[in-house]
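S.K.:
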Amino acid sequence: MQADLIGVVEVNLEQTLAQIQGAATVDVLKVQQAIVRATHQFMFERGLVQVMPLMLSPITDPLNHGVVDAAISYAGSRWSLTKSMIFHKQLALLNPELEALYIVSPNVRLEFADRAFTGRHLFEFTQIDFEFRDKDGAFVRSFMEDLVKYVFAAVKRDLPDVLAKYRSEPLQEFGPFKIFRTEELEAQYGPDYEHVKSKESTEPFWLLNHRREFYDKEDQEKPGTYLNYDLIWPDGYGEGLSGAERENEYHQILKRMDETGADKEAFKHYLEVAKQQGLPSSAGAGFGVERMARYLCRVKDINDVTLFSRRPGMPALF
Ligand code: ASN
12 MQADLIGVVE VNLEQTLAQI QGAATVDVLK VQQAIVRATH QFMFERGLVQ VMPLMLSPIT
72 DPLNHGVVDA AISYAGSRWS LTKSMIFHKQ LALLNPELEA LYIVSPNVRL EFADRAFTGR
132 HLFEFTQIDF EFRDKDGAFV RSFMEDLVKY VFAAVKRDLP DVLAKYRSEP LQEFGPFKIF
192 RTEELEAQYG PDYEHVKSKE STEPFWLLNH RREFYDKEDQ EKPGTYLNYD LIWPDGYGEG
252 LSGAERENEY HQILKRMDET GADKEAFKHY LEVAKQQGLP SSAGAGFGVE RMARYLCRVK
312 DINDVTLFSR RPGMPALF
């Protein structure tokens with residue numbers, strides 16, 4: 012929790028209307044719109060096919076941290092609200108015509124109230140999620156660096172006055188992003204390494220090797236480490252993207268599910284596909300749209316990026 016964001020939340024009509032009518036939010040929404048528009052254009056130019064999002068599915072991302080379960084019953088099945096479309100990205104690539112895809116994907120993650128004031132969490136948000144067949148992490152990281160360059164240049168070109176209003180210095184063009192590993196930073200900075208390093212950095216950087224869900228590939232050359240990566244925004248804005256090379260072989264998925272304690276029964280059809288025809292070899296990632304807008308406009312609290320409050324663990328009127 013960032014000390015400067017600790018506060019008391021009032022959920023009353025006056026406060027709610029003040030948020031909807033806040034002038035600054037519209038500036039941030041324009042930046043967000045410019046991000047989405049430039050991203051669509053970039054994806055189109057690079058040949059990624061857009062897949063529409065799903066909000067309900069028999070399986071969704073178990074995530075590596077606890078959230079309140081969000082599910083409904085329908086047509087004799089149990090449907091979860093989408094936490095991420097990771098499994099659909101892998102399954103979509105079973106189509107031989109699809110080499111690479113992206114989804115503008117709303118995610119519902121009913122976080123607990125301890126994340127109410129991190130400045131980075133909303134209990135529903137949108138990520139732009141993408142996946143490539145037969146590519147590795149280095150490819151995805153370089154793709155994302157190109158995307159950031161393209162999108163930031165577009166926002167600068169389209170909304171110079173808005174950016175100038177919120178950033179005291181012009182947005183610089185970043186060079187190749189530095190790469191760090193979690194174990195190195197943890198040894199250097201202690202348990203809060205990600206936040207500390209983000210705060211002292213002035214450029215985005217990559218952070219490799221997180222202990223996460225079973226779909227992130229284990230490095231066979233260094234068992235117990237993972238071929239995943241986060242993009243960390245600088246100046247304390249923290250994580251903006253996560254992604255990985257994927258586990259796609261049946262026995263390895265089973266092993267990783269045992270390690271993370273995943274519910275194999277819930278994933279039985281996914282496992283059947285992995286066993287019978289194998290999942291495609293792939294790598295990808297997803298970045299938070301509100302988080303990118305927050306970083307560009309230097310908004311302290313991500314709840315101010317939205318017209319409608321979605322603060323973890325807190326009620327809202329609309
Ligand atoms: N989008 C992420 C990925 O591609 C997964 C997530 O959001 N949890 O790895």
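If you want our numbering, it's the 1-based position in the sequence shown plus 11. Quick reminder that beta carbons are idealized off the backbone N, C-alpha and C, glycines included. Keep in mind that this is a model prediction, so the values were computed, not measured.
Between the alpha carbons of Ile17 and Glu180, how many angstroms are there, rounded?
M.R.: Residue placement at Ile17 cannot be trusted, given a pLDDT of 49 that sits under 50; what the coordinates show is reported in the next sentence. Roughly 27 Å between the two C-alpha positions.
S.K.: Leaving out five residues before and five after Asp241 in sequence, what residues of the same chain have Cβ atoms less than 6 Å from its Cβ?
M.R.: Excluding sequence neighbours, Asp241 sits near Leu218, Glu250 and Ser253.
S.K.: Any idea if Met63 is buried or exposed, counting beta-carbon neighbours within 10 angstroms, 16 or more meaning buried?
M.R.: Under this definition Met63 is an exposed residue.
S.K.: Find the nearest neighbour of Trp90 within the set Met96, Ala81 and Leu174, judged by alpha-carbon distance.
M.R.: Nearest C-alpha to Trp90: Ala81.
S.K.: Could you tell me which uninterrupted beta strand (DSSP E) segments, each at least 3 residues in length, are contained entirely in the stretch 176 to 251, listed from first to last along the chain?
M.R.: The qualifying runs are 189 to 192, 216 to 219 and 239 to 244.
S.K.: Mind checking Lys275: buried by the 16 CB within 10 Å criterion, or exposed?
M.R.: Exposed, because fewer than 16 other Cβ atoms sit within 10 Å of the Cβ of Lys275.
S.K.: List the residues that DSSP assigns as beta-bridge partners of Phe1.
M.R.: The structure shown does not extend to residue 1, since the chain is modelled only from 12 to 329, so the question has no answer here.
S.K.: Output the residue ranges of the alpha helix (DSSP H) runs that lie fully inside the stretch 53 to 116 and measure 4 residues or longer, sorted by chain position.
M.R.: Taking only runs of at least 4 residues, the alpha helix (DSSP H) segments lying wholly in the stretch 53 to 116 are 97 to 103.
S.K.: If you check the beta carbons only, do Leu92 and Leu74 fall under 9 Å apart?
M.R.: Their beta carbons are not under 9 Å apart, which means Leu92 does not touch Leu74 by this criterion.
S.K.: Less than 8 Å separating the Cβ of Lys94 from some heavy atom of the ligand ASN?
M.R.: Yes; taking the cut-off as 8 Å, the Cβ of Lys94 has a heavy atom of the ligand ASN nearer than that.
S.K.: Between the stretch 31 to 44 and the stretch 299 to 310, are three or more C-beta pairs nearer than 8 Å?
M.R.: With the cut-off at 8 Å, the stretch 31 to 44 and the stretch 299 to 310 touch.
S.K.: Taking its Cβ as the centre, do 16 or more other Cβ atoms sit within 10 Å of Tyr85, making it buried, or is it exposed?
M.R.: Answer is exposed; the Cβ neighbour count stays below 16.
S.K.: Could you tell me which residues DSSP pairs with Ser253 in its beta bridges?
M.R.: DSSP, once it has assigned bridges, lists Asp241 and Gly297 as partnering Ser253.
S.K.: Out of Ala149, Val79 and Pro69, which one is the CA nearest neighbour of Gly87?
M.R.: Comparing Cα positions, the closest option is Pro69.
S.K.: Going by the beta-carbon positions, is the gap between Ser212 and Asp169 smaller than 9 Å?
M.R.: Not in contact: Ser212 and Asp169 (Cβ atoms no closer than 9 Å).
S.K.: For Gln101, which of Tyr226, Gln52 and Phe329 has the nearest alpha-carbon?
M.R.: Gln101 has its Cα closest to that of Tyr226, out of Tyr226, Gln52 and Phe329.
S.K.: How far does the alpha helix (DSSP H) with Val151 in it reach, from first residue to last?
M.R.: Where Val151 is concerned, the enclosing alpha helix (DSSP H) stretches over Gly148 to Asp169.
S.K.: Rounded to the nearest angstrom, what separates Gly58 and Arg222 at their Cα positions?
M.R.: Going by the C-alpha atoms only, they are around 31 Å apart.
S.K.: Whole angstroms are fine: how far does the CA of Leu65 sit from the CA of Ala255?
M.R.: In a straight line, the C-alpha of Ala255 is about 21 Å away from that of Leu65.
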